[in-house]
Structures are given as structure tokens and as C-alpha cells.
Amino acid sequence: MQRFDFASGVFFTLLALVQLMRLVLRWPVTVAGAQVPLWVSGVACLIAGGFAVWAFRTGSRHTLRV
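Counted the way this note's numbering counts, the sequence shown spans residues 1407 to 1472.
Shown next, in the form of C-alpha cells:
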């Protein structure tokens, strides 16, 4: 697995977990005075989780040739 694939997989996994925590714990988020609805975190969690899976699967396809 290449370092970039692994690093991006870890990053997107952490991002998905933070979004899931916001959804479960109902953390309020305000951007420019407007309240961000919780469903946005659900969508962000799914997208980040998909990117994490994609990064790990892409990284596992690479084989080092010596």
C-alpha cells in the first residue's frame, strides 16, 4: 500500500467518525450565523466513509515490484 493511499484513507476515516459523532451527540454547528442541520453530517459521513473505503481499496491494489 502506498503511503498516500494509506494517509488519505486514515484521514477520511477520521473525518467520517467526527461527522458520525456530531450526528449521534447532536453537536450544534453554526456557520456565518446559520445553524447547520444534522442531516448534513449524515451525508458528509457517508461521503467521507466512501472515500476512505476507496482509498484503502486503491492502496491494496498497488504492489511493490523490486
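Heads up, the beta-carbon is just placed ideally off N, CA and C, and yes, glycines get one too.
This structure is a prediction, so every number in the text was calculated from the model and none was measured.
Contact belief for residue i with residue j at Cβ below 8 Å, rounded distance in angstroms
i, j, result
"Gly1448", "Leu1423", "At roughly 13 Å, the Cβ-Cβ gap does not stay under 8 Å, so Gly1448 and Leu1423 are not in contact."
Residues of its chain near residue i, where Cβ-Cβ distance is below 8 Å and the 5 sequence neighbours each way are ignored
i, result
"Trp1433", "Met1427"
Per DSSP, cross-strand counterpart(s) of residue i
i, result
"Val1430", "None; Val1430 has no bridge partner."
"Val1424", "Answer is none; Val1424 lacks a bridge partner."
Distance CB(residue i)-CB(residue j) smaller than 9 Å
i, j, result
"Ala1458", "Val1416", "yes"
"Ala1454", "Phe1418", "yes"
Nonlocal neighbours in the same chain, by C-beta distance under 7 Å from residue i, ignoring five residues either side
i, result
"Thr1464", "Asp1411"
"Gln1425", "Ser1447, Ala1450, Cys1451, Ala1454"
Sequence-distant residues of its chain with Cβ nearer than 6 Å to residue i (five each side left out)
i, result
"Val1442", "Val1435"
"Leu1421", "Ala1454"
"Phe1462", "Gly1415"
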